[in-house]
Structures are given as C-alpha cells and as structure tokens.
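Report on one structure; see the data block that follows.
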Amino acid sequence: MNKKKNSKENFFSRKQFQLLIVCVTMGFIIGYSYNQAKDNRDAGSTNPKLLEQEDSYREELIAQQERNKELSEEANALQEKIRKYEKSFVASKKDYTKLVEEAEDLRLLLGDLNSEGKGIRITLQDGDYDPKSANPNDYIVHESHIFKLLNELKISGAQAIAINGQRVLANSYIRCNGPVITIDGKQHPAPFVIEAVGDSATFKASLNLKGGVVDQLLNDNIVVSFEEEQKLTMPKAKVES
Numbered sequence: 382m383n384k385k386k387n388s389k390e391n392f393f394s395r396k397q398f399q400l401l402i403v404c405v406t407m408g409f410i411i412g413y414s415y416n417q418a419k420d421n422r423d424a425g426s427t428n429p430k431l432l433e434q435e436d437s438y439r440e441e442l443i444a445q446q447e448r449n450k451e452l453s454e455e456a457n458a459l460q461e462k463i464r465k466y467e468k469s470f471v472a473s474k475k476d477y478t479k480l481v482e483e484a485e486d487l488r489l490l491l492g493d494l495n496s497e498g499k500g501i502r503i504t505l506q507d508g509d510y511d512p513k514s515a516n517p518n519d520y521i522v523h524e525s526h527i528f529k530l531l532n533e534l535k536i537s538g539a540q541a542i543a544i545n546g547q548r549v550l551a552n553s554y555i556r557c558n559g560p561v562i563t564i565d566g567k568q569h570p571a572p573f574v575i576e577a578v579g580d581s582a583t584f585k586a587s588l589n590l591k592g593g594v595v596d597q598l599l600n601d602n603i604v605v606s607f608e609e610e611q612k613l614t615m616p617k618a619k620v621e622s
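Dropping the structure here:
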C-alpha cells in the first residue's frame with residue numbers, strides 16, 4: 382500500500398518538474414526575444430543612417446502624394462477643357478450645318494443649282510376688254526404685277542422661281558414692253574406662267590390673304606389661276622459667256 386502511494390507521489394513530482402522546466406525554458410525564450418527586439422529597436426532608433434533613410438522615404442512619400450494630387454487636379458482640368466471643346470464642337474457643327482443650308486439657299490436663288498420639288502404654278506393673263514371703250518393698259522399684265530407676285534413668293538419661302546420656263550434670279554431685270562415682258566433681255570408674251578418650288582399650301586395662303594396680292598391683281602382686271610404641282614423641275618440658270 383505504501384509502495385503504491387510513493388510511486389504515485391514520484392509520478393506527480395516528475396510531471397511537476399517537467400512542467401517547471403518547460404515553463405522556465407519558455408520564459409527564458411520569450412524574455413530573450415523581447416530583449417533582442419528591444420535592442421534592435423533601440424539600435425535602429427539610434428542609428429543615424431537608418432533615421433536619415435526613413436526621413437528620406439517619408440519625404441519621398443509626401444512628395445509623391447503631393448504630385449499625385451497635382452496630377453489629379455490637372456486631369457480634372459483637362460477633362461473640363463475636353464467637355465468645353467466637345468460642347469463648342471457641337472455648337473460649331475450646328476453653326477456649320479446652318480451656314481451650309483443658308484449657302485445652298487443663296488445658290489438656289491442665284492440659279493447656280495438645279496431645283497426640284499413640290500410647288501405651285503400661277504398663270505397671269507390679260508383681262509378681257511373692249512378696245513373701243515376701254516384703255517388696254519388697264520387690262521394687261523404689267524411688271525408691277527409680276528413684281529408683286531414674285532416678292533410674295535420669295536417671302537413665302539420659294540426656293541426657285543421661273544417665268545415661262547426662264548429662271549428668275551435675285552438680280553434679274555424685268556421690264557414690261559406692251560403685251561410682252563422682258564426678263565434679262567429675253568422677251569415673253571402673255572400668258573405668263575410663274576412656277577415656284579416650295580410649300581404650295583403656304584404660297585396659296587399667303588397670296589390669297591384678304592387685300593393681298595391676288596385681290597390686287599383681280600382689282601386690276603388680271604386673270605389669275607393656280608395649280609399645285611407635286612414635282613417641278615428647274616434647271617440652273619445659263620450664264621452667257
């Protein structure tokens with residue numbers, strides 16, 4: 382009985398001794414590691430070269446951060462410039478398109494381009510009269526009648542105008558010589574067929590206004606007739622060389 386008790390006490394004693402050895406060893410290792418790390422830190426903190434290198438790295442980092450900030454600001458400024466250029470380009474493109482359209486309209490009026498499209502055909506004829514009892518000049522078409530009609534058609538947006546097949550230009554010379562009219566040196570007898578390329582509905586509405594051109598022509602004993610055309614073709618004006 383005593384032997385068993387002694388062996389049991391010896392067993393616990395050995396276990397406790399082994400545990401003590403392990404604890405002491407671990408404590409020594411931890412303490413040594415701590416002291417070594419402390420020594421390294423102390424050595425690093427007192428090493429001028431390391432401190433100088435750390436300061437240099439720190440300054441480079443700060444400088445790089447500042448440079449990155451500057452580059453970011455420059456990039457934002459460039460992006461804003463690009464947006465402004467894009468807006469300016471769009472506006473310039475619209476202006477350019479508008480200028481091209483205006484130039485084409487002018488070339489049409491000058492007769493430099495062929496003109497084709499919907500439009501209206503207006504015929505002006507001398508009124509019937511008795512030469513024995515009436516003045517013929519009160520019943521024939523004069524250049525003033527032609528001018529009134531041409532001006533109204535231009536105001537209503539006519540792209541091109543022709544009289545008896547001859548293109549009428551912005552600087553055309555029109556003159557009445559009795560029963561005929563002369564356009565840029567070429568004579569045309571009545572009736573006078575005036576064609577205009579454009580919106581026929583607009584033409585008719587403008588010409589038929591109360592007290593407008595048609596009323597004035599009728600009051601002057603001129604016979605007026607209208608025809609809407611789905612397709613009118615007018616070649617460009619021929620320039621005499």
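Just so we're aligned: 561 in the working numbering is position 180 of the sequence shown, and the numbers increase by one with no gaps anywhere. Ideal Cβ placement from N, Cα and C applies to all residues, glycine included.
- For the options Ile-564, Gln-445 and Lys-529, the alpha carbon positioned closest to that of Ser-587 is the one of Lys-529.
- Pairing Ala-539 with Ala-577 gives a Cβ-Cβ distance under 9 Å.
- Between Phe-584 and Leu-534, the CB-CB gap stays under 9 Å.
- Counted as a single uninterrupted DSSP element, the alpha helix (DSSP H) harbouring Lys-529 occupies residues 524–536.
- Rounded to whole angstroms, the Cβ separation of Leu-531 and Ile-542 is 6 Å, and the two are in contact under 8 Å.
- With respect to the 9 Å criterion, Ile-536 and Phe-607 are not classified as neighbours on the basis of their beta carbons.
- In the three-state scheme derived from DSSP, where H, G and I count as helix and E and B as strand, Val-481 is classed as helix.
- Residues of the same chain with their beta carbon placed closer than 8 Å to that of Glu-441 are lacking, with the five preceding and five following residues left out of the count.
- Taking the Cα positions, Asp-509 is about 19 Å away from Asn-558.
- For Pro-616, the closest alpha carbon among the candidates Pro-572, Leu-494, Gly-592 and Pro-560 is that of Leu-494.
- DSSP places Ser-606 inside the beta strand (DSSP E), whose first and last residues are 604–615.
- Between Asp-507 and Pro-572, the CB-CB gap stays under 9 Å.
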